[in-house]
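Everything on this sheet refers to the single structure shown next.
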Amino acid sequence: MAIPNAFDSPLAARSAVGAALAAVIAVRAVRRRSLDASGGVAGFVVMAVHISCGYRYGALLLAFFFSSSKVTKIGEDHKRRIEENFKEGGQRNWIQVLANSTIATVLVVIFALMTGGQDQCMDSNGSKLITGIIGGIIGHYCCCNGDTWSSEIGVLSNEQPRLITSLKVRVLFHATRYIALHTNVSMCYLQS
19 MAIPNAFDSP LAARSAVGAA LAAVIAVRAV RRRSLDASGG VAGFVVMAVH ISCGYRYGAL
79 LLAFFFSSSK VTKIGEDHKR RIEENFKEGG QRNWIQVLAN STIATVLVVI FALMTGGQDQ
139 CMDSNGSKLI TGIIGGIIGH YCCCNGDTWS SEIGVLSNEQ PRLITSLKVR VLFHATRYIA
199 LHTNVSMCYL QS
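Residue numbers (this note's numbering): 19 to 210.
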C-alpha cells in the first residue's frame with residue numbers, strides 16, 4: 019500500500035507558490051509604500067490564502083490591489099494639501115487590508131474546503147452553492163474597487179458629492195464621507 023504524497027495535491031502546490039509569490043509582493047508593496055509593515059504582514063497572509071485556494075482568486079486579489087494602488091497615487095500633491103492623515107503612496111495598514119479582504123478570504127477558504135482544493139468555474143447547473151460562493155468573491159472585490167476608486171478619485175473633485183439615490187448635492191464632512199462609503203459597501207454585501 020502506497021502512502022499518498024501530500025505534495026502531490028493541487029492545494030499543496032498552490033500553497034507553496036502562494037507563499038513565495040505573496041512574500042515577494044508583500045515586500046515590494048512595503049518598499050513602494052503601498053502598505054506599511056503591518057499591512058505587509060496581513061497582505062502576505064491574505065494573498066497566500068487566496069492563491070492557495072485557487073490561482074484565479076489570487077489573480078482577482080492582485081488585480082484589486084495593483085489597480086487600487088495605482089489609483090491611490092493619482093493626485094498625491096492635491097491629497098497631501100487637503101487630507102490630515104495623508105500617507106505617501108497610501109501605506110495601508112493591517113486594518114485596511116483586512117477590511118478589504120476578510121469576507122473574500124473566508125469565502126475562498128470555504129470554497130477550497132467544499133471542493134477539496136479543486137478549481138471550479140461558475141456553473142449554476144452543477145452547484146448553485148459553489149456558484150454563489152464564487153459570485154460572492156467576485157462581488158466582494160467589485161465593491162472594494164468601487165469604494166477605493168471612488169474615494170481616491172472623488173477627493174480630487176472640486177464639486178460637492180451627490181447622493182446617487184436622490185442626485186441631491188449634500189455637504190459631507192471628511193469623516194462622514196468615509197462612513198457613507200463604508201455603509202454603501204456593506205449594503206452591497208447584503209444585496210449580493
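Just so it is clear, CB atoms sit at the ideal spot from N, CA and C, and this is done for glycine as well.
I'd like the span of the alpha helix (DSSP H) that includes residue 70, first residue to last. Within the sequence shown, the letter at position 52 stands for residue 70. For residue 70, the enclosing alpha helix (DSSP H) has its first and last residue at 55–71.
Please classify residue 54 as buried or exposed, where buried requires at least 16 other C-beta atoms within 10 Å of its C-beta. Within the sequence shown, numbered from 1, the residue matching residue 54 stands at position 36. Residue burial is scored here from C-beta neighbours: residue 54 has at least 16 other C-beta atoms within 10 angstroms and is therefore classed as buried.
Extent of the continuous alpha helix (DSSP H) to which residue 186 belongs: As a working mapping, residue 186 is identified with position 168 in the sequence shown. Counting along the chain, residue 186 sits inside no alpha helix (DSSP H), nor does DSSP assign it H or E at all.
Beta-carbon spacing of residue 124, residue 64 below 8 Å: The residue you call residue 124 lines up with position 106 of the sequence shown. The residue you call residue 64 lines up with position 46 of the sequence shown. For residue 124 and residue 64, no; Cβs fall outside 8 Å.
Reducing DSSP to helix, strand and coil, say where residue 51 ends up. Taking the first residue of the sequence shown as position 1, residue 51 is located at position 33. Three-state result, residue 51: coil.
Distance check for residue 119 and residue 74, CA to CA, integer angstroms please. Taking the first residue of the sequence shown as 1, we reach residue 74 at position 56. Taking the first residue of the sequence shown as 1, we reach residue 119 at position 101. Taking the straight line from one Cα to the other gives about 15 Å.
Alpha helix (DSSP H) segment containing residue 114, residue limits: Numbered from its first residue, the sequence shown carries residue 114 at position 96. Per DSSP, residue 114 is one residue of the alpha helix (DSSP H) stretching across 112–117.
Take residue 89 as the anchor and find which of 169, 186, 176, 78 has the nearest alpha-carbon. On the sequence shown, residue 89 is found 71 positions in, with the first residue counted as 1. Among 169, 186, 176, 78, the Cα nearest to that of residue 89 is on 169.
Taking residue 165 as part of the alpha helix (DSSP H), name the residues at either end of that continuous run. Residue 165 sits at position 147 when you count from the first residue of the sequence shown. Note, residue 165: alpha helix (DSSP H), 146–172.
Would the beta-carbon of residue 52 fall within 8 Å of that of residue 111? Here residue 52 refers to the residue found at position 34 of the sequence shown. Here residue 111 refers to the residue found at position 93 of the sequence shown. Note that the C-beta distance between residue 52 and residue 111 is not below 8 Å.
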